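Numbering (this note's numbering), first residue to last: 391 to 767.
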């Protein structure tokens, strides 16, 4: 998973060499989400039928192919191909690796296995830009070394998968993942999905555009610093997801939305003042809000979903998430062409803050209505 965010600190170097704008950067980044969506819909149920290991090996194969493409990238078209392959790898890993970790856990670890899988997933997204930022800034071959390291890590992962036992009973058949939400779940799903959309739009913004914010607005072009900023939002998101597991799901989503809105206010102020500390603080606050609202939103939805419909509902939820990673970020790129990067970032922050606040108000309204019903009953 670290490979999916590995290119982030390298995008400014590609932009300088290939002479493209922030808009092109956001399109290159968002192409990854398309690969993820294809993998989720077409291959999301394959590991149940053919086993976890073959699908994990396929994901590793796509990851290695992506890194190999980036090693030889000499045009925007090649970068797009690399991102699609990276998205396919992430789409295969996301559900399959999580299921494998949970199934492989001994009974004493069953309660913690899902948290281990979540932290591995989100934490790795933070490790990617941190690793490449350090290598780009302080090591030779800034356009290639990070991807060579990624190939080595992927080969080690393939060996680990070969050693690990198969955990799937191989039930079911190969089908396309159905996408739907039962009527009784839709009110909660709508609120949780909008909260997740807002949160992942922010992570997409930082992953695609944070290096440009730092270089063009704050005046800092250190790639390691860019890696730290992007990595921090995923690191605190992982911690927040663990810490918030004891909170009631809907109330936790409300708390997460409030924190996310505060993070966007902080980002707007930071961009206005060209403040590095402000951008870092915005990443940390937003990461907390995103982590809580995403994980507990999914929990709220799963609580109300019949067992036999959970796969399709969770897939629908993740499709919303990956659309959020792509579309708003491309919108940010388009806006930067018209208004400039600072104004586009300010408008993005305002829109996300409004979305998060709408979710907060909707949850509080539901709670107040339910409380009145209990009193009248």
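C-beta atoms are modelled at their ideal positions from N, C-alpha and C, and glycine is treated no differently. In this text the structure is predicted, and so the values were computed from the model without any measurement.
Q) Mind checking residue 712: buried by the 16 CB within 10 Å criterion, or exposed? A) Position 322 of the chain shown holds residue 712. Looking at its Cβ environment, which holds 16 or more other Cβ atoms inside 10 Å, residue 712 is buried.
Q: Within the same chain, show all residues whose beta-carbon is closer than 8 Å to that of residue 637, passing over the 5 residues directly before and after it, in chain order.
A: For the purposes of this step, residue 637 is identified with residue 247 of the chain shown, where counting begins at 1. Same-chain partners within the cutoff: 645, 682 and 686.
Q) Where do the ends of the alpha helix (DSSP H) carrying residue 681 lie? A) As a working note, residue 681 is residue 291 in the chain shown. First-last of the alpha helix (DSSP H) with residue 681: 666-693.
Q) residue 522 and residue 536 look like a contact to me (Cβ under 8 Å); what is the Cβ gap, rounded to whole Å? A) On the chain shown, residue 522 is found 132 positions in, with the first residue counted as 1. On the chain shown, residue 536 is found 146 positions in, with the first residue counted as 1. Between residue 536 and residue 522 the Cβ distance is about 4 Å, and since that is below 8 Å, they are a contact.
(Q) With a threshold of 6 Å on Cβ separation, who are the neighbours of residue 653 within its own chain once the five nearest residues in sequence on each side are excluded? (A) By one-based count along the chain shown, residue 653 stands at place 263. Counting only Cβ-Cβ distances below 6 Å, and skipping sequence neighbours, we find 672, 675, 676 and 679.
**Q.** Expected contact under 8 Å - CB spacing of residue 690 and residue 578 to nearest Å
**A.** Locating residue 690 in the chain shown gives position 300, where the first residue counts as 1. Locating residue 578 in the chain shown gives position 188, where the first residue counts as 1. Confirmed, Cβ separation roughly 5 Å.
Q) Distance, Cα to Cα, residue 409 vs residue 416? A) For the purposes of this step, residue 409 is identified with residue 19 of the chain shown, where counting begins at 1. For the purposes of this step, residue 416 is identified with residue 26 of the chain shown, where counting begins at 1. The alpha-carbon atoms of residue 409 and residue 416 are separated by roughly 14 Å.
Q) Around the C-beta of residue 564, are 16 or more other C-beta atoms found within 10 angstroms, so that it is buried, or is it exposed? A) One-based indexing of the chain shown puts residue 564 at position 174. Counting Cβ neighbours within 10 Å, residue 564 comes out exposed, since fewer than 16 surround it.
Q. Are the Cβ atoms of residue 586 and residue 710 separated by less than 8 Å?
A. As a working note, residue 586 is residue 196 in the chain shown. As a working note, residue 710 is residue 320 in the chain shown. It is a contact, given that the beta carbons lie within the stated cut-off.
**Q.** Touch test, the region 656-668 against the region 732-752, Cβ-Cβ under 8 Å, three pairs minimum
**A.** yes
**Q.** Cβ-based neighbour list, residue 548, same chain, cut-off 7 Å, excluding 5 preceding and 5 following
**A.** As a position in the chain shown, residue 548 is number 158, starting the count at 1. Answer for residue 548: 447 and 450, listed in chain order.
Q | Start-to-end residues for the alpha helix (DSSP H) that takes in residue 533 | A | In the chain shown, counting from the first residue as 1, residue 533 sits at position 143. From DSSP, residue 533 is part of no alpha helix (DSSP H); its letter is neither H nor E.
Q | Simplified DSSP assignment, three categories, for residue 612 | A | Here residue 612 refers to the residue found at position 222 of the chain shown. Residue 612: coil per DSSP, three-state reduction.
Q: Using the Cα positions of residue 727 and residue 611, report the straight-line distance between them to the nearest angstrom.
A: The count along the chain shown starts at 1 and reaches residue 727 at position 337. The count along the chain shown starts at 1 and reaches residue 611 at position 221. Answer to the nearest angstrom: the Cα atoms are 21 Å apart.
Q.
According to DSSP, is residue 435 part of a helix, a strand, or is it coil?
A. What you label residue 435 is simply residue 45 of the chain shown in a count that begins at 1. Taken through DSSP and simplified to helix, strand or coil, residue 435 comes out as coil.
(Q) Taking only three categories from DSSP, how would you classify residue 554? (A) To locate residue 554, count along the chain shown from 1; it is residue 164. Here residue 554 sits in coil by DSSP.
Q. Nearest-angstrom Cα distance between residue 609 and residue 426?
A. Against the chain shown, residue 609 aligns to sequence position 219. Against the chain shown, residue 426 aligns to sequence position 36. Roughly 33 Å between the two C-alpha positions.
**Q.** For residue 514 and residue 620, the rounded distance between their alpha carbons
**A.** As a working mapping, residue 620 is identified with position 230 in the chain shown. As a working mapping, residue 514 is identified with position 124 in the chain shown. Approximately 12 Å between the Cα atoms of the pair.
Q. Nearest-angstrom Cα distance between residue 573 and residue 529?
A. Locating residue 573 in the chain shown gives position 183, counting from the first residue. Locating residue 529 in the chain shown gives position 139, counting from the first residue. Computed Cα separation, rounded: 54 Å.
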